[in-house]
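Residue numbering for the sequence shown follows the working numbering, beginning at 17 and increasing consecutively.
Note that CB positions come from ideal geometry on N, CA and C, so glycine has one too.
Heads up: the structure comes next, in structure tokens.
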Amino acid sequence: MNIQSVGLYSLFSTQNPQLRRDNCVHVPMNKKILQCDTVTFTSVAKSEPLKKLLKFGIPDFYSDIVLVDTKDLELLLEHKVFSKPIRNIVRILKPYEKSLFPIEKQVYRLMKRTARTNPKMYLDEFLHKLVPHHSKILLEQQRPVFEKLSTLALQMPKEQIVQYNKLIDVTNKKLINEPVIVPFSKKELLYKLKRIKERIAQKDNFKEVSDIEKIIKKVEFFEDDMGKAKKPTNKELKQFYKTFIYFENSSLQKDKDMVDLFNATKARLHRVPFEEKFKRKGFIHDLEKIVGQLQDTKLAHKMIQTARELPTSKNSLSAFVVKEANRSSSQIGYDLLADSVGSADHLVAAKAGGDSDIYNYVLASRRYNSERAHSKLSTIIEKDPNVRVYSQNQIDRLIELANSGIFKMCELSTSYILSVARRIKKLSPSNDPLNLDTNKLKY
């Protein structure tokens with residue numbers, strides 16, 4: 017039976033707060049991204065003294081970046097920095113260049129170049145101009161993966177091949193910006209609302225935070241199977257439009273990302289065709305539903321692993337550009353820095369019996385805190401030996417701060433450094449333990 021392939025087309029038609037920061041940390045430029053889809057964050061009061069150190073430029077435990085203090089990101093959003101002309105953004109973000117992950121750093125460098133020729137351009141305009149070029153590159157990056165998937169799909173039974181071809185047909189339409197009918201998903205709507213809430217919460221605007229929390233609560237009361245029928249029921253329409261009217265009268269009524277989300281949700285609920293960008297996660301989710309029916313579990317696993325090879329906004333500049341292109345300047349700016357914000361990460365995950373003692377925490381970026389999930393430290397070090405270097409960078413900086421009295425100012429005992437170094441050694445690979453050098457600690 018024939019397998020449809022994904023076509024290669026162009027996706028789109030051409031179309032001052034002074035923030036203090038310590039920049040003395042120099043770390044190596046070599047890292048490897050760990051693959052994990054589970055998201056988990058822990059926020060415990062006992063880690064607060066440790067997080068106070070973030071304003072002093074702490075290297076990430078798992079990578080070569082310098083962590084961002086969440087209060088800095090709050091200030092940037094509060095002062096609407098990302099809504100300013102690009103020349104202002106470039107100047108204000110200069111102290112954070114060492115905090116950007118590789119793809120985000122490439123975007124920042126393109127911003128610097130653009131600021132020299134078009135200083136008054138806005139961030140969303142800048143990114144939108146990059147789309148025609150990068151959409152073509154992204155398709156070139158995606159095509160080999162889709163070809164491998166189509167070859168593997170030939171091994172499936174006829175029923176699953178039919179389902180796969182339907183998925184690829186919709187995928188092709190998304191790739192060429194052709195309107196498609198996309199079913200409503202309560203789970204996806206909640207996910208997107210919570211992503212927007214992350215950005216809004218950083219602005220410390222009580223009214224906006226309160227409004228989006230109320231909208232999320234209203235959506236949580238939607239029926240789990242909402243949108244499954246061919247036509248929405250009166251009850252479903254009443255639930256949605258009650259939420260929509262609340263949004264239209266809320267403090268978020270002019271938020272571009274919220275407006276776009278509600279417009280797309282309306283189209284989904286009424287099953288009206290609209291332009292829906294291809295989303296890697298959504299494609300993998302739909303593929304999982306198909307291959308989950310297979311008796312050949314090895315084939316199912318291989319197809320999902322192949323699909324995971326599709327480029328992401330974390331490893332492809334083109335994927336980042338296309339993903340962010342229709343977002344507001346504020347959301348784009350937030351997304352540039354959000355993964356670099358420092359967080360307290362359990363050395364031993366709570367799920368694995370790890371306690372909330374401060375000696376069970378290290379400072380890590382949100383990205384790695386999320387991607388690490390419940391993985392053991394020994395496994396992480398074996399996958400990426402560079403963590404040995406990155407963790408020593410963090411210890412070195414902590415020692416500098418301890419020796420200069422900063423620990424005392426943050427109400428943090430210098431014994432933390434020695435205790436956490438011992439714990440890291442114990443949790444590292446037994447055949448090659450990680451011995452962190454703490455000899456320069458004076459106290």
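### Task
Would you tell me roughly how many angstroms separate the C-alpha atoms of L116 and P195, rounded to the nearest one?
35 Å
### Task
Just mark P75 as buried or exposed, buried being the case when its beta carbon has 16 or more other beta carbons within 10 Å.
buried
### Task
Using beta-carbon positions only, say whether D273 and I212 come within less than 8 Å of one another.
yes
#### Entry: V378 - containing beta strand (DSSP E), residue span
Its beta strand (DSSP E) spans residues 377-381.
### Query
Short check: CB of F98 to CB of I397, under 8 Å?
no
### Query
Among the residues of its own chain, which have a CB less than 7 Å from the CB of K367, if the five just before and after it don't count?
H390
### Query
Excluding sequence positions up to five away, which residues of its chain have a Cβ less than 7 Å from the Cβ of T259?
I231, K234, V235
### Message
Restricting to Cα atoms, I'd like to know which of K164, P327, L379 is closest to I411.
### Response
If you compare the alpha carbons of K164, P327, L379 with that of I411, the shortest gap goes to L379.
### Query
For Y207, does the count of other Cβ atoms within 10 angstroms reach 16, so buried, or fall short, so exposed?
exposed
### Message
With three or more C-beta pairs closer than 8 Å as the rule, is the segment 285-293 touching the segment 147-162?
### Response
no
#### Entry: Start and end residues, beta strand (DSSP E) containing H362
358-362
#### Entry: Closest by C-alpha distance to S356, when choosing among D88, K62, L363, L66
D88
### Residue(s) in a DSSP beta bridge with F278
In the DSSP output, where bridge partners are listed per residue, F278 has none listed.
### Task
Measure the C-alpha to C-alpha separation of A365 and S386 and round it to an integer number of angstroms.
12 Å
### Message
Within a Cβ cutoff of 7 Å, which residues of the same chain sit near G421, ignoring the five residues on either side of it in sequence?
### Response
none
### Task
With DSSP collapsed to three states, give me the class of P75.
strand
### Query
Leaving out five residues before and five after V418 in sequence, what residues of the same chain have Cβ atoms less than 7 Å from its Cβ?
A quick correction: the sequence has Ala, not Val, at residue 418. The answer, listed in chain order, is T430, I433, L457, Y459.
### Message
I'd like to check one pair, S381 with S444: are the Cβ atoms closer than 8 Å?
### Response
no
### Task
Please check the pair S329 and A323, which I expect to be a contact at CB under 8 Å, by giving their CB distance rounded to whole angstroms.
Not a contact, Cβ separation roughly 16 Å.
### Task
Determine, using beta carbons only, whether A354 and K67 come nearer to each other than 8 Å.
no
### Message
Helix, strand or coil for V147? Go by DSSP, reduced to three states.
### Response
In the structure shown, V147 adopts helical secondary structure according to DSSP, grouped into three states.
### Query
Across which residues does DSSP place F290 in a beta bridge pair?
V196
### Query
Bridge partners of G84, per DSSP?
What sits at residue 84 in the sequence shown is Val, not Gly. DSSP, once it has assigned bridges, lists V357 as partnering V84.
### Task
Go through the segment 98-167 residue by residue and report every complete run of the alpha helix (DSSP H) that reaches 4 residues or more, in order.
102-109, 118-133
#### Entry: Through-space distance from E292 to H42, alpha-carbon basis
Here H42 scores only 30 on pLDDT, less than 50, and its place in the model should not be relied on; the value that follows carries that caveat. Their Cα atoms are separated by approximately 42 Å.
### Message
Taking only three categories from DSSP, how would you classify P65?
### Response
helix
### Task
Could you check the C-alpha separation between D38 and Y384 for me, to the nearest Å?
For D38, the pLDDT reaches just 40, beneath the cut-off of 50, and the residue's location in the model is therefore unreliable, although a value from the coordinates is still provided. Taking the straight line joining both Cα atoms gives about 22 Å.
### Task
Quick one: using the 10 Å Cβ neighbour count with 16 as the cut-off for buried, is V337 buried or exposed?
buried
### Message
Would S345 and Y138 be called neighbours here (beta carbons separated by less than 8 Å)?
### Response
yes
### First through last residue of the alpha helix (DSSP H) which encompasses Q321
Taken as a continuous stretch (DSSP letters only), the alpha helix (DSSP H) holding Q321 covers 313-323.
### Query
Relative to the C-alpha of Q269, which residue among M242, V225, K254, Q309 is closest?
V225
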